[in-house]
Structure formats: structure tokens, C-alpha cells
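The structure appears right after this line, and notes come after that.
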Amino acid sequence: GETLTMAPLVVKGKVLVGNSGGEMGVRGWVKALDAGDGHVVWTAYSTGPDKEVLIGPDFKPHYDMDKGRDLGVTTWPPEAWKIGGGNMWGWISYDPDLNLIFHGTGNPGPWNPDLRPGDNKWTSGIFARDPDTGAAKWFYQWTPHDLHDYDGINEQILLDMNWQGKPRKVLVRPERNGYLYVLDRTTGEVLSAKPYGPVNSSKGVDLKTGRLMANPDKKTGTGKVVRDICPTASGLKDWQPSAFSPKTGLLYIPHNNLCMDEQGVEVNYIAGTPYVGMNVRMIPGPGGNRGAFTAWDIAAEKPAWSLKENFPVWSGAVVTAGDIVFYGTMEGWFKAVSAKTGELLWQFKTSSGIIGQPVTYRGPDGHQYVAILSGVGGWAGAIVSGDLDPRDATAALGFVNAMKDLKNTTTAGGTLYVFRLP
Numbered sequence: 129g130e131t132l133t134m135a136p137l138v139v140k141g142k143v144l145v146g147n148s149g150g151e152m153g154v155r156g157w158v159k160a161l162d163a164g165d166g167h168v169v170w171t172a173y174s175t176g177p178d179k180e181v182l183i184g185p186d187f188k189p190h191y192d193m194d195k196g197r198d199l200g201v202t203t204w205p206p207e208a209w210k211i212g213g214g215n216m217w218g219w220i221s222y223d224p225d226l227n228l229i230f231h232g233t234g235n236p237g238p239w240n241p242d243l244r245p246g247d248n249k250w251t252s253g254i255f256a257r258d259p260d261t262g263a264a265k266w267f268y269q270w271t272p273h274d275l276h277d278y279d280g281i282n283e284q285i286l287l288d289m290n291w292q293g294k295p296r297k298v299l300v301r302p303e304r305n306g307y308l309y310v311l312d313r314t315t316g317e318v319l320s321a322k323p324y325g326p327v328n329s330s331k332g333v334d335l336k337t338g339r340l341m342a343n344p345d346k347k348t349g350t351g352k353v354v355r356d357i358c359p360t361a362s363g364l365k366d367w368q369p370s371a372f373s374p375k376t377g378l379l380y381i382p383h384n385n386l387c388m389d390e391q392g393v394e395v396n397y398i399a400g401t402p403y404v405g406m407n408v409r410m411i412p413g414p415g416g417n418r419g420a421f422t423a424w425d426i427a428a429e430k431p432a433w434s435l436k437e438n439f440p441v442w443s444g445a446v447v448t449a450g451d452i453v454f455y456g457t458m459e460g461w462f463k464a465v466s467a468k469t470g471e472l473l474w475q476f477k478t479s480s481g482i483i484g485q486p487v488t489y490r491g492p493d494g495h496q497y498v499a500i501l502s503g504v505g506g507w508a509g510a511i512v513s514g515d516l517d518p519r520d521a522t523a524a525l526g527f528v529n530a531m532k533d534l535k536n537t538t539t540a541g542g543t544l545y546v547f548r549l550p
């Protein structure tokens with residue numbers, strides 16, 4: 129059940145890579161490989177005793193909830209941490225001034241929270257580590273005792289900016305649990321945490337304790353059906369990267385607008401088989417649109433503008449110095465909008481749904497180009513290709529129920545499109 133799906137990062141002669149498999153009972157890790165010969169320099173696990181998580185005397189988390197000895201063992205039922213997930217399948221960032229890497233950790237397993245009481249350290253959080261040794265410097269848990277598969281693996285934007293009148297080295301993260309976080313990346317202190325879309329699975333983040341305040345009305349368990357939980361297990365935003373413009377001070381976020389019904393079920397661990405323990409049915413979120421593209425004013429802690437999209441926006445975003453933002457839609461539209469206002473400036477219908485990442489570059493002729501790969505994939509691609517039965521509301525962990533009409537709007541296929549900018 130263990131796979132490798134993330135993009136590695138090379139830092140100081142080391143190739144950093146993490147594993148996937150949180151729905152298969154795979155224990156999460158991140159490794160540093162020597163770029164020259166590939167030997168393993170260090171390995172840090174997401175669960176287990178401190179020595180295996182690489183927590184030592186230099187580990188200084190900001191919040192009390194993340195302090196204590198061997199929390200990667202004691203916040204789990206006996207032996208459960210060995211199959212507890214926390215996989216590092218997302219993005220890694222590096223700050224050369226602080227000599228720190230930042231990486232998230234995935235959801236705990238199984239999804240049914242009744243089977244794993246406790247905070248389930250060190251899942252659904254973020255580590256700051258020394259890239260030379262892997263030693264943990266601080267940790268913050270976005271979603272303690274994650275109830276809804278809110279993997280903490282999204283991208284982090286590293287900015288140096290004035291925050292409430294003081295210069296700060298910040299880390300900005302649009303998290304799957306629905307909050308736009310601003311952290312001091314030196315210490316792990318949460319400076320801001322505001323919802324950037326519909327959220328009812330929690331009631332906010334306590335900035336004094338750092339703790340996400342779960343909504344007890346939306347807590348599921350074995351045999352218990354809970355309806356209309358927002359966001360879904362795919363998060364208010366999944367792994368698709370956002371983009372920041374230093375000219376506008378805005379973060380451009382492609383994201384979902386889906387809610388779900390959940391029911392916890394019993395599940396036993398069998399190596400190589402799904403270890404989930406949850407029935408899920410996803411539905412469109414408030415307003416009926418299933419996606420959005422939002423420009424977030426980081427300093428003001430609020431949206432500057434937001435565009436509704438019929439389907440979840442699984443494309444990444446890129447913003448140019450000319451104040452144009454590019455992104456794609458699942459129907460196959462490649463769009464250019466004003467970075468300041470969100471006004472639609474141009475769009476082109478590609479041959480398939482877009483879940484790739486736009487890139488822009490200057491060609492040998494001196495002109496600027498933007499490129500996008502069109503080709504719907506993942507759960508969405510399985511729906512379009514007919515590999516999933518649209519009558520099964522729980523297929524693809526409930527995603528099919530919210531996307532039955534997708535195959536009527538696009539086709540499968542893969543094509544690279546390149547456009548020259550004027």
C-alpha cells in the first residue's frame with residue numbers, strides 16, 4: 129500500500145522525499161537521500177517514539193499541546209501509531225536564511241476517529257526541520273485528532289512581510305481544514321487563522337492555545353451518520369498550489385466548495401488493503417457551485433474577491449508581473465483574470481479537464497509564454513472515463529456523488545497547450 133506521489137525537493141545536496149498510503153495503514157516518513165549516490169542520510173517518521181520522529185533537545189514547539197515526551201506513541205491507542213498514517217505526500221519548502229525545511233504530515237488512519245482516540249501526533253500538522261540532520265525544530269498540528277481526513281500536506285508560501293506593524297518571517301498556508309493560516313516560521317506561532325470558504329466542521333482556531341476547535345455536532349463515529357459536513361475529506365483546498373503576487377499582496381487560491389455526509393464503520397488492518405473505516409457521500413456546498421477561485425488579502429485577513437466555478441478547481445495557479453492570473457477548470461477552460469479585480473480577460477476551451485499546473489516562461493525569441501497540460505485525472509478522470517459507477521454514491525470515497533455530471537462536460541485525454549502573451 130505504500131507509494132511515492134509527491135515532487136521531491138533538492139536542498140544542499142540532499143533529495144527530500146516522502147511517502148503516501150494513509151488510507152492503507154502505511155506509517156508516514158520523510159527521507160533525505162544523498163544526491164550523488166542515493167544513500168539514505170536521515171529518515172524522520174510522522175508517528176512513534178521521539179528518536180524515530182527525530183525529536184531531540186532542539187525541538188521547541190510554540191504550543192503546550194505539542195509539548196511532551198513520545199507524543200507520537202502516547203496520543204494513540206497501544207501500537208496504533210505503527211499503522212497510523214501521517215504520510216508526507218505533499219510539498220516541501222526551504223528557507224536558506226533559517227536553514228529550515230517545512231513539510232506537512234497527512235491524515236491519521238483509519239478515518240473512523242472512534243478507533244484512534246487521542247490527538248494522534250504527529251499527523252495532520254507541519255514540521256520545521258534542519259535539512260542537514262532532519263532534527264525537528266518545531267511542530268504545529270493543524271487538526272488534532274483529525275475527524276475528516278484533513279491531511280496537512282498543502283503548499284506553504286514563505287514571505288517576509290510586516291505583520292501588524294512588525295517585520296516577520298511568515299509561512300502562509302491555505303489548509304485543507306478550511307483555514308488560511310499565517311504562522312511565524314521561526315517559532316511556529318499562529319498569527320492568523322481565518323476560513324477562506326464555507327466551514328462548519330470546526331468553530332475556529334484558538335490563537336492562545338493554537339488548537340482547532342472541532343464542532344461536536346459534526347463529529348462522526350461508528351454507526352453514526354452525520355450530514356452536511358463542510359469541507360469534505362478532499363478539503364476546502366487539496367494539494368493544487370496557490371500563487372502569491374508581491375505587487376498586489378494577494379494569494380490566489382484554487383479550491384473546492386463541497387460538503388459531505390459521513391458514517392463511521394468498523395475496520396481491521398490487513399496489509400495491502402484499504403484501512404479507512406468510513407462511508408462518505410459528497411454533495412455541492414453552499415450556493416450550489418462546487419468550486420471557487422479566491423484572491424485572499426493576507427494582511428487584511430479577508431478575501432479581496434472570489435469567482436464561483438461549477439466544479440472543484442483542481443488546477444494550480446500562476447500570477448504574472450503584468451497582474452494576470454492563470455488557472456484551469458475541470459470542464460477544460462483555461463482562464464486569465466485580472467489579479468486586482470478577478471475580471472475575466474481571456475479564456476480558451478481545451479480538449480479535457482484541467483488539473484495540471486500552469487507555468488510561464490520567457491522563450492528564446494524574447495516573448496513570454498504560458499503553458500498548461502489539459503487532461504483530467506484522479507477521481508475526476510475515473511468518472512469521465514466511466515471507470516466508476518455514477519449510481520454508487522460512496523464511490524471514490526464519496527466524490528462521485530457530487531460529480532455525476534462531469535462526464536457530460538469534458539472528455540479524457542492529455543494535451544499540452546502553449547500560448548504566447550502579447
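Here our numbering is used: the first residue of the sequence shown is 129, the next is one more, and so on.
Where is the CB? At the ideal position from N, CA and C, for every residue including glycine.
Note that the coordinates shown come from a computational prediction; the quantities given were computed from them, not determined experimentally.
Which residues mark the beginning and the end of the beta strand (DSSP E) in which residue i is found?
i       : result
Asp-178 : Premise fails: Asp-178 lies in the alpha helix (DSSP H), 178–181, not in any beta strand (DSSP E).
Gly-232 : 228–232
Val-552 : Absent from the model: residue 552. The displayed extent of the chain is 129 to 550, so no value can be given.
Asp-312 : 307–312
Gln-475 : 472–477
Cys-358 : Cys-358 -> no beta strand (DSSP E), and no H or E assigned at all.
Ala-263 : No beta strand (DSSP E) holds Ala-263; DSSP gives it neither H nor E.
Ala-371 : 371–373
Gly-419 : 419–425
Ala-464 : 461–466
Met-406 : 406–412
Asp-277 : Counting along the chain, Asp-277 falls outside any beta strand (DSSP E), and DSSP gives it neither H nor E.
Taking 8 Å as the threshold (beta carbon to beta carbon), is residue i in contact with chain D?
i       : result
Ile-285 : Included in the structure is just one protein chain, with no chain D present.
Could you pull the start and end residues of the alpha helix (DSSP H) that residue i belongs to?
i       : result
Ala-530 : 527–530
Trp-157 : Counting along the chain, Trp-157 falls outside any alpha helix (DSSP H), though it belongs to the beta strand (DSSP E) covering 157–162.
Val-441 : Element bounds for Val-441: n/a, residue is neither H nor E.
Leu-516 : Premise fails: Leu-516 is in no alpha helix (DSSP H) and is neither H nor E.
Leu-557 : No answer is possible for residue 557: it lies beyond the span of the chain, which begins at 129 and ends at 550.
Leu-199 : 199–202
Quick check on DSSP: helix, strand or coil for residue i?
i       : result
Trp-250 : coil
Val-498 : strand
Gly-150 : helix
Lys-331 : strand
Ile-398 : coil
Met-216 : coil
Leu-379 : strand
Pro-272 : coil
Met-134 : coil
Pro-323 : strand
Pro-189 : coil
Leu-243 : helix
Ala-208 : helix
Lys-430 : strand
Gly-184 : coil
Ala-172 : strand
Going by beta carbon distance, what residues of the same chain come within less than 6 Å of residue i, once the five residues before and after it are set aside?
i       : result
Gly-332 : Met-341
Arg-548 : His-495 and Tyr-497
Ser-148 : Thr-131, Thr-133, Asn-215 and Trp-217
Lys-249 : Leu-199, Gly-200 and Thr-203
Pro-369 : Glu-283 and Gly-444
Trp-507 : Ala-524 and Phe-527
Ser-373 : Val-447 and Ala-467
So, at 8 Å on beta carbons, what are the nonlocal neighbours of residue i in its own chain, with the 5 sequence-adjacent residues on each side left out?
i       : result
Gly-542 : Ser-480, Leu-501, Ser-502 and Gly-503
Pro-486 : Ser-443, Gly-444, Ala-445, Val-446, Phe-454, Tyr-455, Gly-456, Phe-462, Val-498, Ala-499 and Ile-500
Arg-418 : Asn-384, Asn-385, Leu-386, Pro-412, Glu-437, Asn-438, Phe-439, Pro-440, Ala-530 and Met-531
Asp-288 : Pro-295, Arg-296, Lys-297 and Val-298
Trp-474 : Lys-463 and Ala-464
Thr-401 : Gly-129 and Met-152
Met-193 : Asp-247, Gln-269, Pro-272, Thr-337, Gly-338 and Arg-339
Output needed for residue i: all residues of its chain with C-beta closer than 7 Å, excluding positions within five of it in sequence on either side, in chain order.
i       : result
Ala-263 : Leu-182, Gly-184, Asp-186 and Arg-257
Ile-426 : Val-300, Val-310, Gly-377 and Leu-379
Val-169 : Lys-142, Ala-160, Leu-161 and Asp-162
Ala-510 : Leu-516 and Ala-524
Lys-210 : Arg-155
Trp-239 : Asp-277, Val-404, Gly-405 and Met-406
Gly-460 : Lys-477, Thr-478, Ser-479, Ser-480, Gly-481, Ile-482, Ser-502 and Thr-538
Tyr-489 : Tyr-497
Val-138 : Ala-163
(request) Would you check if there are 3 or more beta carbon pairs closer than 8 Å linking the segment 408–415 to the segment 518–530? (result) Contact between the segment 408–415 and the segment 518–530 is present, because at least three Cβ pairs lie under 8 Å.
(request) Decide yes or no for the touch test of the segment 269–284 against the segment 342–359: beta carbon pairs closer than 8 Å, at least 3 of them. (result) When Cβ pairs closer than 8 Å are counted between the two stretches, the segment 269–284 is seen to touch the segment 342–359, the count reaching three or more.
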